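Quick notes on the structure that follows.
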Amino acid sequence: MSLHVEVTGQGKPLVMLHGWGMHGGIWGDTVMRLAQEFTVHNVDLPGHGASKLQGAFTLDDVVATLDAQFDQPVAVLGWSLGGIIAQHWAARSPQKIERLILMASTPCFTQRADWLFGMEAETLQLFAAELEKNHTATLRRFLALQVRGSESERELLAALREQLFSRGEPNLAALRGGLEILRDADLREQASTIMQPTLAIAGQRDKLTPPEASNYLVQVMPNAHVVEVAGAAHAPFLSHTDTVVQHIKKFLHE
Numbered sequence: 313m314s315l316h317v318e319v320t321g322q323g324k325p326l327v328m329l330h331g332w333g334m335h336g337g338i339w340g341d342t343v344m345r346l347a348q349e350f351t352v353h354n355v356d357l358p359g360h361g362a363s364k365l366q367g368a369f370t371l372d373d374v375v376a377t378l379d380a381q382f383d384q385p386v387a388v389l390g391w392s393l394g395g396i397i398a399q400h401w402a403a404r405s406p407q408k409i410e411r412l413i414l415m416a417s418t419p420c421f422t423q424r425a426d427w428l429f430g431m432e433a434e435t436l437q438l439f440a441a442e443l444e445k446n447h448t449a450t451l452r453r454f455l456a457l458q459v460r461g462s463e464s465e466r467e468l469l470a471a472l473r474e475q476l477f478s479r480g481e482p483n484l485a486a487l488r489g490g491l492e493i494l495r496d497a498d499l500r501e502q503a504s505t506i507m508q509p510t511l512a513i514a515g516q517r518d519k520l521t522p523p524e525a526s527n528y529l530v531q532v533m534p535n536a537h538v539v540e541v542a543g544a545a546h547a548p549f550l551s552h553t554d555t556v557v558q559h560i561k562k563f564l565h566e
């Protein structure tokens, strides 16, 4: 695995990890606004954007690649799948991760008998089957789910679709691996071991990772608190950029 990382700004380092099927360009204006006060390391995950993938895309492999990329302590902002990766990285390398921001994230993306705050396993399985037939259509459908219920839903969907392949199409093996992480990862027990100060940012109308998932995280993580963004769905950094950036800056300066 090799990582493409765009570095912008100056100040304390902040690593940004995007969601499934996306790339670092999806953050839009959020990067530039944060770069006014921090050194932003905007990552294309392996097999996405300009990053290469050789071998499998697994949670442990991605975290090992990130850990090797950064030789100094950093703050990490992870969105959706990127939030799952960020949680695992923080638990695995507590000396490397100083602060953690989990946006529209969850410890367990898929519903289970004892976990109702996720996507139904049958729906995720259907995505995996459709991915093999037409990955472009599958990604576009996933985008629609991310903005469903958000304020300015139509405009957000158009913006996401415009960015989707702006850095090329993601590697199919990476897409498969990302779906497997979303399907299999259950970090609930691990969450209680994450001691770093953590900010969870939840979209009030998020259908993929509902606010209950963020509220669970802050209940079990010793040093976490949650901010719920009214009117936002799964991409609050796009729909409510000012609010999100304000909360991130405040948290990182604490």
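FYI, in our numbering the residues of the sequence shown are 313 to 566.
All C-beta atoms, glycine included, are put in the ideal place defined by N, C-alpha and C.
Just so you know, these numbers come straight off a predicted model, no measurement behind them.
Between residue 519 and residue 457, the CB-CB gap stays under 8 Å. Per DSSP, reduced to three states, the secondary structure at residue 496 is helical.
Per DSSP, the unbroken alpha helix (DSSP H) holding residue 401 starts and ends at 393-404. Burial of residue 365 is indicated by the presence of at least 16 other C-beta atoms within 10 angstroms of its C-beta.
Membership of residue 527 in any beta strand (DSSP E) is not indicated; the residue belongs instead to the alpha helix (DSSP H) covering 523-532. As the crow flies, the alpha-carbon of residue 336 is around 19 Å from that of residue 380. Secondary structure of residue 537 (DSSP, three-state): strand.
Secondary structure note for residue 353: its beta strand (DSSP E) is the uninterrupted segment 351-356. Secondary structure at residue 449: helix, using DSSP grouped into helix, strand and coil. By the neighbour-count definition (other C-beta atoms within 10 Å, threshold 16), residue 428 is an exposed residue. Excluding the 5 residues flanking it on each side, residue 338 has same chain C-beta neighbours closer than 6 Å at 330 and 475, in chain order.
Straight across, the Cα-Cα distance linking residue 443 with residue 361 is about 18 Å. Within its own chain, the residues whose Cβ lies closer than 7 Å to the Cβ of residue 423, once the five positions on either side in sequence are excluded, are 430, 431, 432 and 433, listed in chain order.
Between the alpha carbons of residue 557 and residue 550 lies a distance of about 10 Å. With contacts defined as CB atoms closer than 8 Å, residue 333 and residue 487 qualify as a contacting pair.
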